[in-house]
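These notes concern the structure reproduced below.
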Amino acid sequence: MSKETSDFSHYTIIEASAGSGKTYAITTELSRLISQGVDPSRVIATTFTKAAAADLERRIGERLLSDGFDTQARQLPAALMGTVNSITDTIVRRFALDSGISPDIAVLDEVSESTLFHAACAGIIAQAMQDHRPLLRRCGYGIDVSNSRYTKTVAHDWNAVIEDMISLLRANRISGESKDKLIEKSQQLVEDALKLAIPTARREQWGTSRDIDEQLAQAYEDVLVQAENGTLNKRTAAVVLSDEKAYRRVIENLRDKPREKYSWPELLNIQQIKVSQLPGAKKTMGAPVQKIIREHFAPSDFEANHNVKVASPYLGTAEFISDMKEIIALTFETAFSCLEAYEAAKSAAGLIDFTDQEARTLDLLLEKPEVRDWIQESYDILVVDEFQDTNPMQLALFLEIGKLVDQVIWVGDTKQSIYGFRGSDPVLMNEAARTINSRLDHTQVSRNILSDSWRTDGVPLRFSNEYFKRVFDNTENVILNIPEQRKEQNPDIEESGRLEFWEFTKVGDIPGIVAEGISQLRKEGEEGSIAVLTRQGDTGVEILQELKRQGIPATGPDMPVEENLEVLLLLAGLRWVVDQHDTAALMEIITLWPQHPAHRSWFSALADVADKAERRALLREWAQDPCFSTLSDVADNSARLSPKQAVQQVIDALDLRGYLSTLSNPESRYGALLGCVEAAEQWEDRHSSQGLPATASGFVSDITESGNFPTAKPARGPGNIVVSTMHKAKGLEWNTVITVLKNSGKRYLNSVWLEPAQSFDFDHPLHGREIRFLPATPLIQKNVEQSGKGVDVGAFYYEQLWDPELHPENFARRQADQDEEDRIRYVALTRSKTCTILCTSADGEALTTPRVEVEFGPDFLKLSSQKFGLDIVPVHKRVCSSEDEEKPDAVLPAPSPLPAWREEPQRPDNPIYSRFQPSRITLEAEQLAEVEVRTKASLGEPIPTAGGKVRADWLGEAVHSYLATPFAALSHAQQEALASEIVDRWKVAHHLSAEQLVSIGNRFSQWLATEYPDARIITEVPVRIRTEEGQVAQGWIDLLIEQPDGSLAVVDHKTYAGDNAEDHVRRKFAGQLLSYADAIEAVHQRRPEEIMIHLPLIGTMLSLKG
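Residue numbers (the UniProt record's numbering): 1 to 1106.
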C-alpha cells in the first residue's frame, strides 16, 4: 500500500557539504542495508552522471567484497542504478504500450534534441521575425549587440529568449491552456514597472512620444543656434559647428518617422545624452546638449534621491507600453507554436527525448495502477544522490516513487545546487528539503549532517568556514571540522595548508598573473595537482593560451583539439582508413608523419612526375610502404569496427602515444586523444539510441562535413595544470586551486524566469508554477554604475520591481539570483586540499555579497557580517606580474614519470624542458639595431579584404594552409575548390574570398618561378631550436629554397596588412627569422643566403639581413 504524502517516516536526509565524504556515506549506508539482508536487485539508486553511477556501483561492490559479502556483491548489477534518464528509460520501455509508444522507440540525446528542435522551429521563428521585424527592431531585439556599448549581460537574442521559455515550459509541464494567463500577468508586470517610472501627471506634462521626439529635436537644434549666435563659449561652439551635419541628421531622424529610424533603446540613449552611441553620430555631441535636456526632463524627487540625473519620459508613453505588451504576447505565442511543432516533429519521426521520458514515467505512475504495483513489488529502497540538482519533473517522480518503497535516502547539498541553467530548480528543491525537515518531530525524518572535512587542510578550511557561514548566514551544514582520524595522521593539520592572494588591477592582466604565479609555485617545488577555476569560459581560454605560450603544460575541458598535430594526424588516418582512395588524407598523413620515407621529399617527388598515371602509381607506392601495414590492417577491417574501436586502432597504428612520449608534457597532450575517443563513443551512443547506423565511416564523415572537432579531456597527470569553469569543477578536487574572481559589475536578471507557487504542495509539486517574461528593452544601454555620472534609467526603474519595500512579492527573485552566485562561489572555493588561492582585485568586491563584506590587508583578510561580526583570516599575498617583455619564457622542471599507458623506462630527472613558439624569440635592442629590412619586390596591388572583425590567426592560417599545398600543380578550377574549402574551414570567407586566395598563390608562385627558376622548393620544413638555457622552440619554416649551387633561402609568410611593413617585420619577427637561419646552419652547415618575408595581403616581398 502506498504511503501518504505527509508520511516521511521512511526518509533519510544526508546533508553533505563539499569534501565531507558524501560518496563514502552513500556507500556505507547501502552496503549496511544490503549486508543486513536487503536484496540488491530491489534498490533504485539515481545520480547525476553515468560516471558517478558507475563509480557508486563499483564502490559498493568493493565494500561488500571487503566485508565478506561475496554473493551480494555479485548480485549488485541487478540493482537499478544509473542516471535519472536511464531509470525512466527502463520504466517507460517496460510499460511502453501503456504509454502509447513502441518499446523500441528511439531516444534523442541532448545534441540530437537540439538539432531536431531547431529544424522544427526555425521556420516558425523566422516567419515571426519576418512578420514582426519592425516591432522586434523597435524593442531592441534587432540591434547588433556585438558592440560593447550595449550591456552584454542582457538577453538581446530573441531566439535565445524563445528557447529559454520553451525549456521552462517543458520542465514544469505548463500547457498551452495557460498561455493567455501567462501573457496577461507578464503584461501587467510591465505596466506596474512603467507606472512607477512615469506617474500619470508627468505623462500628461510631457505628452505623447511624438511630443517628446520634438522636444529632443528642439534641444539639439537649440545647441546649433547657440553655437551660431555666440551664446556658447568659443571652444564648445567650434566643436558643435564642426559636428553640424551629425546634429542635423539626428534632428531630421527625430522629426521624420523616428520609430523607423531608431529603436526604443536608441531613443533612450538620445534622451539620456548618449547620442554619441548612435550610428553616424560623434563622440563630441553629448556634452553640449546636456544642460538643455536636463532642463527639459528634470528628474522627480524620487528619481533624484536615487541619483537619476535625467528622467526617461519615453518609458511612460502609450506607444512604448503598447510595444512592450505586443512583444510579450508575440514571444509567448511563438514559444507555444514552437513547442507544438517540436512535439509534432518527434511524433512523426517516432522519437522521444529525455524530458518525454520523465513526463511519461510520471504519467504512468499517476495514472496506471499496474505501474505503481510493479514498483512496489520490485523495489524496497530509493536513493537519490545529488538531490539538489533535481529538476521539477524529477522531484515529482521521486516523490511518487517514494510513496511506493520502504526507505528513501536523499543525499546532497543545497549549497552546491548550481545547474539551474540545465533545468534544475534550487528554490524548489530547497523548499522540498525544508518541508521534509520541518516534519522533524524526532519520529519521522532521519537527518544526518556530515560535519567533518576529509578533503581540506586547516588553513583553507578555516577561510571557507568563516567566509561561507557569513555568505549563507548560517552555521548548520556549513561549518566543517577536522576529524580525529586526520589529526592522528597529522597532528599539525589545523595549521596546515595555505591561503594566498594574487592581486590584479586590470582584467586583462589575469592570464599573465596566473601564469607567473604558477611558474613561481612550480619553481618552489609545489607538489600535487593544480587547477585554475574561472566563472566565464572565455577567461579560462585566455589563461590556457597564456600558459601554453609560456610552455606550461595545461589542459581544460571542452577545448578544441584541431590545432594539435597528433589530432590532425589521427583524423587524416581515420579518413584514409574508411576510404583508401582519399589521396588528400594520404598526403596529410605523409606530411604530418615523420616515420614515412616520403615525409620530407613528397613535394619534390610529385613535382618531378608530370604524368597523371605515374603520380597515381607513386601514391599507391607510398600507401603500400611497410610503415602503413598496420594502418592498412585497420582499413581492411574498418567495416566491422565501431567508431570508438576505429579511433583507438588508428591511434595505435600511427603510434601516437609513442609520439606524445617524446614531448615534455605527454599527459597534457594525451587529453586530446582521449577527447577523440570519447567523441567517437558519444557519437556511437547517440546514433544507436536513435536506431541509426553507427559506423566508423559515418563518424568520420560527420566530423569532416560538420567541422565539429572533438574536444580535449582535461588531463590530470602530475605536473599538469587543469583550467576549468567553476561549474565543471563540481565533484572534483585538487591540491592547489586558483580561483579567479572578477567583479562582473551590474548583473541583470534573465528576461524569462519561473514564478514559483505561493506555497509548496507535496501532492502536486508542479502546481501553481508560472512563466514570466519581462522584455529587456529598457536595459539595452551602456552599463553605467551608480555614481556621480548617474545610472541607467531603464535599469533603475526595473530595479524597483525587486525592491523589498516597494514590491516584496518580487524580491525573492533577486535573492534567488544572488543565492545562485553564492553557491557557484562555494563550489569553487571548496575544491582545494592544501592551498586556496584567491586571484582577485584588492578591493574585495568580487567576494563581497549583501551579507558579508570583504577587505584585503597586507597579510590578512577581513570578513564581517551583521550576524557573525568581524573575523581576521591570515593570507599570504604573492606578488605576481603580468609583464613579461624582459622576462624569458618559463623554464620548467622535468615532468613526472610517464603515465602507465606507455610502460617505458622513465626519463632522467635532470633535463629541463620548456617549449615555446619561435615567434616569441626577441632580440635585444643592440641586436635589433643591426637588423636591416628592405623591400625586395612588389608582387602586385594589395588584396582588398572585406571589413568586419576576423581573428588574425585564422586569417593567417588560411593563407599559410593554401600556400603550403602544391597548388601550382592544380588546374584553376581545382585551385578555386581548394581555396574555397580552406577559407570556409578557417571561417574567413567573409573577409578573404577564395578567388583572392588563388590570386595570392598564383602571383607568389610566378614570382618564385621567375626569381628561382631551377631551384628546389620545400614547404613546411620542421625546425627545432634549443636555447642555451635548455628551452626548445619548435615550429615550421614556411618555405625553403635550395638553388642548384647549394645555396639556401628562407621565405616566411606573414599576413600583416599595415602601412609600415618594414619596421613592423624588423621589430616583431627578426628574432624568429634569424633563429630559423641559425637552425638551418646547424643542420646543413651553411647559412641561408637570403631571408625573405612574403606579405601576401599587401603584395610585397621583404628581405631581412642581420
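In this text, a Cβ means the ideal position worked out from N, Cα and C, and glycines have one as well.
Problem set entry | Between the CA atoms of Phe-463 and Leu-660 - distance to the nearest angstrom | Answer to the nearest angstrom: the Cα atoms are 40 Å apart.
Problem set entry | Among Val-740, Leu-970 and Phe-336, nearest to Glu-177 - alpha-carbon criterion | Comparing Cα positions, the closest option is Phe-336.
For this session: Determine, using beta carbons only, whether residue 1111 and Gln-416 come nearer to each other than 7 Å.
Result: The chain is shown only over 1 to 1106; residue 1111 falls outside these bounds and no answer can be derived.
Problem set entry | Sub-7 Å separation of Val-225 and Val-240 beta-carbons | Between Val-225 and Val-240, the C-beta spacing is not below 7 Å.
For this session: Grab the span of the beta strand (DSSP E) containing Thr-739 for me, first residue to last.
Result: Segment 734-740, the beta strand (DSSP E) holding Thr-739.
Problem set entry | Nearest candidate by alpha-carbon position, reference Phe-434, set Glu-15, His-1053, Lys-234 and Ser-1047 | One point to set straight first is that residue 434 is Arg, not Phe, in the sequence displayed. Ranking Glu-15, His-1053, Lys-234 and Ser-1047 by CA distance to the CA of Arg-434 puts Glu-15 first.
Exercise. Does DSSP put Leu-450 in a helix, a strand or coil?
Worked result: Under the three-state reduction of DSSP output, Leu-450 falls in the strand class.
Problem set entry | As assigned by DSSP and simplified to three states, the class of Val-383 | In the structure shown, Val-383 sits in a strand (DSSP, three-state: E or B).
Exercise. Ala-968 lies in the alpha helix (DSSP H); which residues open and close that run?
Worked result: Unbroken run through Ala-968: none, as it is neither H nor E.
Problem set entry | Segment contact flag, the stretch 1049-1057 with the stretch 1092-1104, C-beta cutoff 8 Å, min 3 pairs | A contact between stretches requires three or more CB pairs, one per stretch, nearer than 8 Å, and the stretch 1049-1057 meets this requirement with the stretch 1092-1104.
For this session: Would you kindly check if the distance between the Cβ of Arg-470 and the Cβ of His-852 is under 7 Å?
Result: Checking the sequence shown, residue 852 turns out to be Val, not His. Taking the C-beta atoms as reference points, Arg-470 is found nearer than 7 Å to Val-852.
Problem set entry | Backbone secondary structure at Ala-610 - three-state DSSP | Under the three-state reduction of DSSP output, Ala-610 falls in the coil class, being neither helix nor strand.
Problem set entry | Boundaries (first-last residue) of the beta strand (DSSP E) holding Phe-860 | For Phe-860, the enclosing beta strand (DSSP E) covers residues 860-865.
Exercise. Which value, in whole angstroms, describes the spacing of the CA atoms of Ala-994 and Leu-978?
Worked result: Counting only the Cα atoms, Leu-978 lies some 8 Å from Ala-994.
Problem set entry | Thr-840 versus Tyr-141: straight-line alpha-carbon distance, rounded | Straight-line measurement puts the Cα of Tyr-141 at about 34 Å from the Cα of Thr-840.
Exercise. Across which residues does DSSP place Asn-481 in a beta bridge pair?
Worked result: Beta-bridge pairing by DSSP links Asn-481 to Asp-452.
For this session: Confirm, please, whether the CB-CB distance from Trp-576 to Leu-586 is below 7 Å.
Result: The answer is yes: Cβ separation under 7 Å.
Problem set entry | Contact check, Thr-88 vs Gln-357, beta carbons under 7 Å | With contacts defined as CB atoms closer than 7 Å, Thr-88 and Gln-357 qualify as a contacting pair.
Exercise. What does Leu-1040 pair with, by DSSP beta-bridge criteria?
Worked result: Answer is Ile-1018 and Val-1050.
Problem set entry | Cβ-based burial, Lys-612 [other Cβ within 10 Å; buried from 16] | Exposed, by the Cβ-count rule.
Exercise. What are the residues that DSSP puts in a beta bridge with Tyr-24?
Worked result: Residue pairing from DSSP leaves Tyr-24 without any beta-bridge partner.
Exercise. If you drop the 5 nearest sequence neighbours on each side, which residues of the same chain put their C-beta closer than 6 Å to that of His-596?
Worked result: Result list for His-596: Ile-590 and Cys-627, in chain order.
Problem set entry | Within 7 Å, strictly: CB atoms of Ile-1041 and Ala-1015 | In this structure, Ala-1015 lies closer than 7 Å to Ile-1041 by Cβ.
For this session: Determine, using beta carbons only, whether Ile-449 and Gln-407 come nearer to each other than 7 Å.
Result: No, they are not a contact pair.
Exercise. Can you find a heavy atom of the ligand COA that lies under 6 Å from the Cβ of Gly-350?
Worked result: Questions concerning the ligand COA fall outside what the structure shown contains, since it holds no ligand whatsoever.
Exercise. Can you tell me the Cα-Cα spacing of Gly-573 and Ser-629, whole angstroms?
Worked result: Rounded to whole angstroms, Gly-573 to Ser-629 spans 13 Å at the Cα level.
For this session: Please confirm whether Leu-754 and Leu-168 have their CB atoms less than 7 Å apart.
Result: Contact: yes.
Problem set entry | Rounded separation between Glu-957 and Asp-655 - CA only | In a straight line, the C-alpha of Glu-957 is about 27 Å away from that of Asp-655.
For this session: Note down the Cα distance separating Pro-553 from Ile-101, rounded to an integer number of angstroms.
Result: Approximately 51 Å between the Cα atoms of the pair.
Exercise. So, Ser-881 versus Glu-516, is the Cβ gap smaller than 7 Å?
Worked result: Contact: yes.
For this session: Could you name the residues of the same chain whose beta carbon sits closer than 7 Å to that of Ile-124, not counting the 5 residues immediately before and after it, in chain order?
Result: So the list reads Thr-334, Ser-337, Cys-338 and Ala-341, once near-sequence residues are dropped.
Problem set entry | Cβ contact (3+ pairs, closer than 8 Å) linking the stretch 449-458 and the stretch 13-27 | Yes, since at least three Cβ pairs between the stretch 449-458 and the stretch 13-27 fall closer than 8 Å, the two stretches touch.
Exercise. For residue 1134, which residues does DSSP report across the bridge?
Worked result: Since the first residue shown for the chain is 1 and the last is 1106, residue 1134 is missing from the structure and cannot be characterised.
Exercise. For Asn-720, is the classification buried or exposed, using 16 other Cβ atoms within 10 angstroms of its Cβ as the cut-off for buried?
Worked result: Flag for Asn-720 reads buried.
For this session: Could you spell out where the alpha helix (DSSP H) holding Arg-462 opens and where it closes?
Result: For Arg-462, the uninterrupted alpha helix (DSSP H) segment begins and ends at 458-471.
Problem set entry | For Lys-368, the three-state DSSP class (helix, strand or coil) | Coil at Lys-368, not helix or strand.
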